[in-house]
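Q:
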Amino acid sequence: MKRSNRELVIFSMSALDLFASALGAFILVTIVLLPYYLKHDDVVNDNNQLRQQIAEIESTAANTAAELRKSKAKEASAKAALKKLQKESENTGDLASQLMRAKERAAAAERKAAASEKKAAAADQSASNSSKALSKAEAEMKRRVKFALLGLATNAETFILVMDMSKSMKRFQSITLETMRKILEPLTSREKIGIIGFHAPGTRAFHTIRLQHWPSPGGITSMSKQNKNIAMSFVRQMMQQVDGGTPTMAGLLEALKYNVDAIILLSDGAPTVPNGNWQHVINTVTRQNRGQKEIHTVAVGNFYERPTFVRFLSQLSRANKGRFTGVALP
Numbered sequence: 045m046k047r048s049n050r051e052l053v054i055f056s057m058s059a060l061d062l063f064a065s066a067l068g069a070f071i072l073v074t075i076v077l078l079p080y081y082l083k084h085d086d087v088v089n090d091n092n093q094l095r096q097q098i099a100e101i102e103s104t105a106a107n108t109a110a111e112l113r114k115s116k117a118k119e120a121s122a123k124a125a126l127k128k129l130q131k132e133s134e135n136t137g138d139l140a141s142q143l144m145r146a147k148e149r150a151a152a153a154e155r156k157a158a159a160s161e162k163k164a165a166a167a168d169q170s171a172s173n174s175s176k177a178l179s180k181a182e183a184e185m186k187r188r189v190k191f192a193l194l195g196l197a198t199n200a201e202t203f204i205l206v207m208d209m210s211k212s213m214k215r216f217q218s219i220t221l222e223t224m225r226k227i228l229e230p231l232t233s234r235e236k237i238g239i240i241g242f243h244a245p246g247t248r249a250f251h252t253i254r255l256q257h258w259p260s261p262g263g264i265t266s267m268s269k270q271n272k273n274i275a276m277s278f279v280r281q282m283m284q285q286v287d288g289g290t291p292t293m294a295g296l297l298e299a300l301k302y303n304v305d306a307i308i309l310l311s312d313g314a315p316t317v318p319n320g321n322w323q324h325v326i327n328t329v330t331r332q333n334r335g336q337k338e339i340h341t342v343a344v345g346n347f348y349e350r351p352t353f354v355r356f357l358s359q360l361s362r363a364n365k366g367r368f369t370g371v372a373l374p
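If you count the sequence shown from 1, you need to add 44 to reach the working numbering.
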């Protein structure tokens, strides 16, 4: 029983020794390593601070880079704006130049417009003057050309009608009376006329030239309604006495003695008495007339079948400021 107690004590001492040894070793290690351990914490702290500073520096660098980028962007934007301004300035210069040219064109256009207006005013004035002149001319024409006898326009107011009473006119009594009516119809009391009928009863070798006058030899009268009726009655009476040859020159030379503006010759054929030399008739009458009276000629009947007769009347009227016309059978 005592042996057992001794073994226990020995075991206990060994454990204590071991413990004491271990504790001593620990203390020794702690004493040796503690400074290093403490220094390690400082290093760690320093490292942490360094990392923090590095992080701050990196952040600052990043911010600086961002600011730099922003600055560059602003610089680029500023350059772009400057370039735009320069371009706008150039464009403004161009616009100013264009505006100046536009103003010059506008001024030129205004000058042209003023010139055009002036020309238009001149044209209007000219047109007005022309219109006035035309109206005046028309009024003058109306004043001068009182009427047209069978389409023969004239400004005459006094007439002598020279009518063929030769035998050949018997075939054309009705058309002659109708022609005479058309001549008298447009006349008014302002116009005056006289009538001469001419023929040469007998033969070409033995004949007598006869002339009939209305209202009297050398006389003319105004064309009142009553006088028109009297004149028509005189013509109808003459048409009942047609006979003989055609002494046209005798009738025309008698008409030249009248104080009238115009002579109107009605005939159905060329002269036959004293001969058929109608050119001699034209020359003699024209020489005697001396351009003082209009001589108009009217062909009656089938004149279109006799070109020589038409030439006679046409040349006679043309040589004496007159006109030629014809009245054919219906």
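Backbone N, C-alpha and C define an ideal beta-carbon position, used for all residues, glycine too.
#1: Methionine 282 lies in the alpha helix (DSSP H); which residues open and close that run?
#2: Going by DSSP in three states, leucine 357 sits in which element: helix, strand or coil?
#3: Determine contact between the segment 310-318 and the segment 256-275, defined as no fewer than three beta-carbon pairs at a distance below 8 Å.
#4: Using alpha carbons as the reference points, say which of Pro245, Val329, Thr202 lies closest to phenylalanine 356.
#5: Residues bridged to serine 456 by DSSP?
#6: Between lysine 365 and the rest of its own chain, which residues show a CB-CB distance below 6 Å, the 5 nearest in sequence each way excluded?
#7: Quick one, which of Lys269, Ser260, Thr220 has its alpha-carbon nearest proline 230's?
#8: Under 8 Å, do isoleucine 307 and alanine 299 count as touching if we go by C-beta distance?
#9: Do serine 210 and glycine 320 have their CB atoms nearer than 8 Å?
#10: So, are the CB atoms of glutamate 201 and aspartate 305 less than 8 Å apart?
#11: Over what stretch of residues does the alpha helix (DSSP H) that includes histidine 324 continue unbroken?
#12: Excluding the five sequence neighbours on either side, which residues of its own chain have a C-beta within less than 6 Å of the C-beta of lysine 186, listed in chain order?
#13: Excluding sequence positions up to five away, which residues of its chain have a Cβ less than 8 Å from the Cβ of glutamine 332?
A: According to the structure data:
#1: 269-283
#2: helix
#3: Cβ pair count under 8 Å is below three, so no.
#4: That would be Val329, whose Cα lies nearest to the Cα of phenylalanine 356.
#5: It is not possible to answer for residue 456, since the shown part of the chain is limited to 45 through 374.
#6: Glu338
#7: Lys269
#8: yes
#9: no
#10: yes
#11: 322-333
#12: Low confidence applies here, because lysine 186 scores a pLDDT of 48, under 50, leaving its location unreliable; read the following figure in that light. Around lysine 186: no qualifying Cβ.
#13: Leu297, Leu300
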